[in-house]
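According to this note's numbering, the sequence shown holds residues -3 to 320 in order. Virtual Cβ for every residue (Gly too), placed ideally from N, Cα, C. Note that this is a predicted model, so its numbers are computed, not measured. Since the structure comes first, as structure tokens, the remarks are kept for the end.
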Amino acid sequence: MQRHLIAPRLVLAAASLLIAATAGAQAYPTRPIRLIVPFPVGGSTDTYARLAGKLLGEALGQPVIVDNRAGATGLIGSRLVKDAPADGYTLLYTTNSAHVIGPLLHRQHTFDPAADFTPITEALRFPAYLVASAKLPARTFKEFLALAKSRQGALSYASAGTGGGSHLACEQMLDAAGIKALHVPYSGAGPAQTSVIAGEVDFLCDSVGNSQSMVRAGKMRGLALAAAQRSPAIPDIPTMREEGVPVEAYVWQGVFAPKGLPADIRDKLAAEIARVMRMPEMQARLQKDGYDLVLQPPDQFARDLVAEQSMWARLIVEKNIKAD
């Protein structure tokens, strides 16, 4: 008789676990969520984290508090999330510059971007935008290529820091085009842009949102996008691929949780983030900045992280790029 009771008990136990898991997802969150941003206040990542956090907090019924923890190419903030409890109350809003490229620049990698976290979604991305000093005698991307090839190694380019997205995007372009140029790193996108406007450095791989106002003002020239297709924000600017240089280089912003986050909470967060990213307030900002909405599901995001890590690792080794 006892043997016949085992199966019903197992079914009952399994049903209880399912009910508990479902209840957990429905109840979450019951307190404020901390959203770690591994960059200073005021940059693009911080701006979008704050807007997304505000909308997400309203959708979830709990405050989402942005906590800026900058330093060490984003590694400080990332490690805080890596070591936090996997309960959904500590999340990371970051970029591939910090999360994928940052660890590769150090001899001892401090974490694996996919295996040591729970990827939730790649929210948005933007292509590298090649802008040049108005003092440079090149008004188009073709003229820029001809000039750079005629002065191999003589032109210089600014970046927001060694190993960042602006640095590696320019390296990709130079490599594909067969051009050599001098890299001049700065401590952030603002100083890098200022140096190009002043004509101290010749060009920069930036974003549409950060540079286009200066292009419209005539302080810089927009030459090309490292993208698969033209941007609606700047439809007159060609892609590098159109001009014979097959390069695509994107900076993305995405959301992570500590490793081991329950799947039901992960999926709830992914769905709610996707919903708020489609809201009119967010859409207007994305269109203004020339950013693309991506909203990859967690499993696809995790697979793409592995592929991207391999791509950047090869470039970093080939170019012997190291953290400052």
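Handout entry: Buried or exposed by the 16-neighbour rule on C-beta atoms within 10 Å, applied to Glu54
Key = Position 58 of the sequence shown, counting from 1, holds the residue named residue 54. By the 10 Å Cβ count, Glu54 comes out exposed.
Exercise for the section: Go through its chain and collect everything with a Cβ distance to Ile230's Cβ below 7 Å, but skip five positions before and after it. Expected result: Within the sequence shown, numbered from 1, the residue matching residue 230 stands at position 234. Taken in chain order, the residues that qualify are Val204, Gln208, Gly218, Gly286.
Problem - Sequence-distant residues of the same chain with beta carbon closer than 8 Å to Ala111, five excluded per side - result: Your numbering for residue 111 matches position 115 in the sequence shown. Counting only Cβ-Cβ distances below 8 Å, and skipping sequence neighbours, we find Lys255.
Practice task
Output yes or no for whether 8 Å exceeds the beta carbon distance between Tyr182 and Cys166.
Solution key: As a first step, residue 182 is located in the sequence shown; it is residue number 186 there, counting from the start. As a first step, residue 166 is located in the sequence shown; it is residue number 170 there, counting from the start. No, the Cβ-Cβ distance between Tyr182 and Cys166 is not below 8 Å.
Practice task
Could you say which of Gly57, Gly39, Val62 lies nearest to Gly49 if we only look at CA atoms?
Solution key: Within the sequence shown, the letter at position 53 stands for residue 49. Here the closest residue by C-alpha is Val62.
Handout entry: Simplified DSSP assignment, three categories, for Glu304
Key = Here residue 304 refers to the residue found at position 308 of the sequence shown. Residue state, collapsed to three classes: helix.
Problem - Buried versus exposed, by CB contacts within 10 Å (16 or more), Glu118 - result: The residue you call residue 118 lines up with position 122 of the sequence shown. Counting Cβ neighbours within 10 Å, Glu118 comes out buried, since at least 16 surround it.
Handout entry: For Ala66, the nearest candidate out of Gly84, Ala245, Ser227, Leu88 (CA to CA)
Key = To locate residue 66, count along the sequence shown from 1; it is residue 70. Of the listed residues, the one whose Cα sits closest to Ala66 is Leu88.
Exercise for the section: Pick out the complete beta strand (DSSP E) segments inside the stretch 81 to 147, 3 residues or longer, and give them in chain order. Expected result: 86 to 91, 113 to 129
Exercise for the section: Report the three-state DSSP secondary structure of Val33 (helix, strand or coil). Expected result: Stepping through the sequence shown from its first residue, residue 33 is reached at position 37. Of the three classes helix, strand and coil, the one that applies to Val33 here is strand, per DSSP.
Exercise for the section: Determine the burial state of Glu314: buried for a count of at least 16 other Cβ atoms within 10 Å of its Cβ, exposed for fewer. Expected result: Residue 314 sits at position 318 when you count from the first residue of the sequence shown. By the 10 Å Cβ count, Glu314 comes out exposed.
Problem - Residue from Arg299, Asp232, Gln249 with nearest C-alpha to Asp108 - result: Here the question's residue 108 lines up with position 112 in the sequence shown. Checked all of Arg299, Asp232, Gln249; the closest Cα to Asp108 is Arg299.
Problem - Delimiting residues of the alpha helix (DSSP H) encompassing Gln208 - result: Counting from 1 along the sequence shown, the entry for residue 208 is found at position 212. Unbroken alpha helix (DSSP H) run through Gln208: 204 to 212.
Practice task
Report the partner residues of Ile61 according to the DSSP bridge assignment.
Solution key: Within the sequence shown, numbered from 1, the residue matching residue 61 stands at position 65. Its beta-bridge partners are Arg30.
Exercise for the section: Can you grab the Cα-Cα spacing for the pair Ser129 / Gly195, in whole Å? Expected result: Residue numbering aside, residue 129 sits at position 133 when the sequence shown is read from its first letter. Residue numbering aside, residue 195 sits at position 199 when the sequence shown is read from its first letter. Those two C-alpha atoms are separated by around 6 Å.
Problem - Cα-Cα separation, Arg75 to Ala172 - result: Reading the sequence shown from its first residue, position 79 is the one you call residue 75. Reading the sequence shown from its first residue, position 176 is the one you call residue 172. Distance between the alpha carbons of Arg75 and Ala172: 34 Å.
Practice task
Check the DSSP bridge columns for Met216 and list the partner residues they point to.
Solution key: For the purposes of this step, residue 216 is taken as residue 220 along the sequence shown, with counting starting at 1. Note: Met216 sits in a beta bridge opposite Ser129.
Handout entry: Straight-line Cα distance separating Leu141 from Ala134
Key = By 1-based counting over the sequence shown, the position of residue 134 is 138. By 1-based counting over the sequence shown, the position of residue 141 is 145. Cα to Cα, Ala134 sits roughly 9 Å from Leu141.
Practice task
Can you have a look at Pro34 and say buried or exposed, based on whether 16 or more other CB atoms are within 10 angstroms of its CB?
Solution key: Working through the sequence shown from its first residue, we reach residue 34 at position 38. With 16 or more other Cβ atoms within 10 Å, it is buried.
Handout entry: Of the listed residues Asp79, Tyr125, Ser93, nearest to Phe113 (C-alpha basis)
Key = Taking the first residue of the sequence shown as position 1, residue 113 is located at position 117. If we check each option's Cα against that of Phe113, Asp79 comes out closest.
Practice task
Round the Cβ separation of Val241 and Met169 to the nearest angstrom and send it over; I've been treating them as touching at under 8 Å.
Solution key: Taking the first residue of the sequence shown as 1, we reach residue 241 at position 245. Taking the first residue of the sequence shown as 1, we reach residue 169 at position 173. Val241 to Met169, Cβ: 6 Å. Contact.
Handout entry: Cβ pair Gly84, Ala253 closer than 8 Å
Key = By 1-based counting over the sequence shown, the position of residue 84 is 88. By 1-based counting over the sequence shown, the position of residue 253 is 257. Taking 8 Å as the Cβ cut-off, Gly84 and Ala253 qualify as a contacting pair.
Handout entry: Proximity of Leu301 and Pro59 at Cβ, strictly below 8 Å
Key = Translated into the one-based positions of the sequence shown, residue 301 becomes position 305. Translated into the one-based positions of the sequence shown, residue 59 becomes position 63. No; because the gap between Cβ atoms is not below 8 Å, this pair is not in contact.
Handout entry: Under 8 Å between C-beta atoms of Ile32 and Val77
Key = Taking the first residue of the sequence shown as 1, we reach residue 32 at position 36. Taking the first residue of the sequence shown as 1, we reach residue 77 at position 81. Going by C-beta atoms, Ile32 is nearer than 8 Å to Val77.
Problem - Backbone secondary structure at Tyr287 - three-state DSSP - result: Stepping through the sequence shown from its first residue, residue 287 is reached at position 291. Correct three-state label for Tyr287: coil.
Exercise for the section: Evaluate Ser146 with the Cβ neighbour count: other Cβ atoms within 10 Å of its Cβ, from every protein chain shown; 16 or more gives buried, anything less gives exposed. Expected result: Position 150 of the sequence shown, counted from the start, is the residue given in the question as residue 146. Exposed is the call here.
Practice task
Starting from the C-beta of Thr91, find all residues in its chain whose C-beta is less than 6 Å away, skip the five residues before and the five after it, and write them out in chain order.
Solution key: By 1-based counting over the sequence shown, the position of residue 91 is 95. Cβ neighbours of Thr91 beyond the five flanking positions: Thr41, Val247, Gln249.
Exercise for the section: Check whether the Cβ atoms of Leu100 and Ala270 lie closer than 8 Å to each other. Expected result: Position 104 of the sequence shown, counted from the start, is the residue given in the question as residue 100. Position 274 of the sequence shown, counted from the start, is the residue given in the question as residue 270. Going by C-beta atoms, Leu100 is not nearer than 8 Å to Ala270.
Exercise for the section: Please find out if some non-hydrogen atom of the ligand SAM comes closer than 7 Å to the beta-carbon of Gly205. Expected result: Inclusion of the ligand SAM in the displayed structure is not the case, the ligand content being empty and no account of it being possible.
Problem - Nonlocal neighbours in the same chain, by C-beta distance under 7 Å from Ala223, ignoring five residues either side - result: Walking along the sequence shown from the start, residue 223 turns up at place 227. Same-chain partners within the cutoff: Pro123, Thr235, Glu244.
Problem - Ser227 beta carbon less than 8 Å from that of Leu200 - result: To locate residue 200, count along the sequence shown from 1; it is residue 204. To locate residue 227, count along the sequence shown from 1; it is residue 231. No, the Cβ-Cβ distance between Leu200 and Ser227 is not below 8 Å.
Practice task
For the alpha helix (DSSP H) containing Tyr44, list its first residue and its last residue.
Solution key: Against the sequence shown, residue 44 aligns to sequence position 48. Per DSSP, Tyr44 belongs to the alpha helix (DSSP H) from 40 to 56.
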